[in-house]
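Under the numbering used here, the letters of the sequence shown match residues 460 to 719, in that order. Just so you know, even glycine gets a beta-carbon here, dropped at the ideal spot from N, CA and C. First up is the structure itself, then whatever we jot down about it.
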Amino acid sequence: MLNGQVAIVSGGMGDIGRAIARELARLGADVALGDLREPSEVGSFLRELEAREVKVRYDKVDVSDAGAVEAWVRAVEQALGAPALIVPNAAIVTLADFRTVKPEQWTRELRINLDGAFYLAQAAAKRLLELKKPGRVVFVGSWAAHAPHMHIPAYCAAKAGLRMLMKCMALELAPHNILVNEVAPGYVDAGLSGRFFDADPRKREKAREIVPVGHLIQPDDVAREVAHLCDARLKHVTGSVLLMDGGLSLVTAGHSPEEK
Ligand SMILES: NC(=O)c1ccc[n+]([C@@H]2O[C@H](COP(=O)([O-])OP(=O)(O)OC[C@H]3O[C@@H](n4cnc5c(N)ncnc54)[C@H](O)[C@@H]3O)[C@@H](O)[C@H]2O)c1
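Okay, here's the thing in structure tokens:
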């Protein structure tokens, strides 16, 4: 389904990033991953992807450095071709409420989660515009973009900003056949919240109890929705939020187990 397409995924060595890479490779896309790890640390994962008979590339890149992201996009184009499936996914989270979050924590979180996503989306989409090629941008957002969480205001603000960036980009790029959307997961039992649940498994159980559908999300679930929004048969979906929070937003308005 995605044969001959090149995908670029930031935070590609994280739990959700690796699941996205696996799914896009499974569907036939060549995959470029960027993350903070040394290239020497990621060899076995790259080999796993290559077993799908797709081309794979890894670069160590800090998404909060605009110049580095631009250079990354250029290097990927030279090696694999211009990426047309663009997945800004890298993020961090700082557990600190409004009264205690330090200015440098606030700034770092917005630099990575919002600015970093913008740098990748802009650099890659501008190249597609120059080449007059179609494409898909799928931001990995969060239900925290619309549901306030007291303990992570910087994360919520960054994800809310990301959502509006997604909509502005979608409007501007629609006439150029570049569709821009967001996948917004709720509680994922991996990655940022998985580590938090590992530190106190009772919070995992509490989270499970709160989610109306009664189970937490796995990285593969997110990956499938990202791939869905990359499907060339989707012609009309742009500026959309694919909310996959198991119904959390319907009932909790931001109450989460760590606040209890
Ligand atoms: N885990 C959840 O519950 C959850 C819920 C909703 C949304 N999300 C979103 O999913 C995405 C992936 O998160 P995850 O849960 O897999 O976490 P993760 O920590 O496993 O993955 C994030 C990756 O981003 C990388 N990264 C961090 N700073 C970077 C930087 N400056 N430059 C490049 N890479 C950087 C990390 O090294 C890591 O590999 C994020 O956008 C996150 O906000 C996660």
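Which residue from the options puts its Cα closest to that of residue i?
i	options	result
Gly540	Asn640, Asp489, Gly698 and Ala643	Asp489
Gln537	Lys561, Val465, Leu624 and Cys689	Val465
Asn462	Asp494, Asp690, Ser699 and Gly493	Asp690
Asp474	Pro607, His605, Ala629 and Ile551	Ile551
His695	Arg661, Val639 and Glu668	Val639
His610	Gly698, Lys561, Ala478 and Ile669	Lys561
Ser601	Thr697, Tyr614 and Ala491	Tyr614
Arg516	Ala582, Asp556, Asp494 and Gly705	Asp494
Arg570	Val681, Ala534, Arg692 and Asp521	Asp521
Ile416	Ala658, Asp659, Gly476 and Arg692	Examination of residue 416 is not possible in this model, given that the chain is present from 460 through 719 alone.
Ala616	Ala555, Arg511, Asp524 and Val528	Ala555
Val535	Glu512, Arg586 and Glu568	Arg586
Gly673	Val528, Ala583 and Arg663	Arg663
Arg595	Ala619, Leu632 and Ala604	Leu632
Asn693	Ala525, Arg661 and Ile637	As written in the sequence, residue 693 is Leu, which differs from the Asn given in the question. Answer by Cα proximity: Ile637.
For residue i, collect the residues of the same chain with a Cβ closer than 7 Å to its Cβ; drop the 5 residues on either side in sequence, then sort them by chain order.
i	result
Glu684	Val642, Leu701 and Met703
Lys592	Ala541 and Ala543
Glu497	Lys519
Met460	Leu486, Gly487 and Asp690
Leu709	Pro671
Gly713	Caution applies to Gly713, whose pLDDT of 48 falls short of 50 and renders its modelled position unreliable; the value that the coordinates give is listed next. The answer, listed in chain order, is Ala606, Pro607 and His608.
His635	Leu588
Ala686	Glu482, Leu483 and Leu486
Ala478	Pro678, Asp679, Val681 and Ala682
Asp567	It is worth fixing the name first, because residue 567 is Arg in this sequence and not Asp. Nothing listed; no residue qualifies.
Looking only at its own chain, which residues have a Cβ that is under 6 Å from the Cβ of residue i, when we skip the five neighbours before and after it?
i	result
Pro547	Ser469, Ala576, Leu579, Ala580 and Phe598
Gly698	Lys626 and Ala629
Trp531	Gly493, Asp518 and Val520
Pro572	The displayed chain sequence assigns Asn, not Pro, to residue 572. Here the set comprises Ala550 and Ala617.
Leu524	Reading off the sequence shown, one finds Asp at residue 524, where the question assumed Leu. Excluding residues within five positions, none has a Cβ falling inside 6 Å.
Leu621	Leu573, Ala576, Phe598 and Gly600
Check the DSSP bridge columns for residue i and list the partner residues they point to.
i	result
Asp720	The shown model of the chain, from 460 to 719, leaves out residue 720, and the question about it has no answer.
Tyr517	Leu492
Leu483	According to DSSP, Leu483 bridges with nothing at all.
Ile475	None, per the DSSP bridge assignment.
Ala466	Val490 and Leu544
Once you ignore the five residues that flank residue i on each side, which residues in its own chain have a CB closer than 8 Å to its CB?
i	result
Leu707	Trp602, Ala606, Gly645, Tyr646, Ile669, Val670 and Pro671
Lys719	Any reading at Lys719 needs caution, since the residue's pLDDT is 43, under 50, leaving its predicted position unreliable; the model's value is listed next. So the list reads Lys665, once near-sequence residues are dropped.
Leu508	Ala480, Arg481, Ala484, Val490 and Val515
Glu529	Tyr578 and Ala582
Val513	Ala484, Gly487, Ala488, Asp489 and Val490
**Message:** Under 8 Å: do the stretch 670-689 and the stretch 640-660 share three or more Cβ pairs, one atom per stretch?
**Reply:** yes
**Request:** Spell out a yes or no on whether the stretch 575-582 and the stretch 466-484 are touching, meaning 3 or more CB-CB pairs, one atom from each, closer than 8 Å.
**Result:** yes
**Prompt:** Taking only runs of the beta strand (DSSP E) that begin and end inside the stretch 636-690, which ones reach a length of at least 3 residues, in chain order?
**Reply:** 637-644
**Prompt:** Which parts of the stretch 548-635 are runs of the alpha helix (DSSP H), unbroken and 4 residues or longer, counting only runs that do not cross its ends?
**Reply:** 562-569, 575-590 and 612-632
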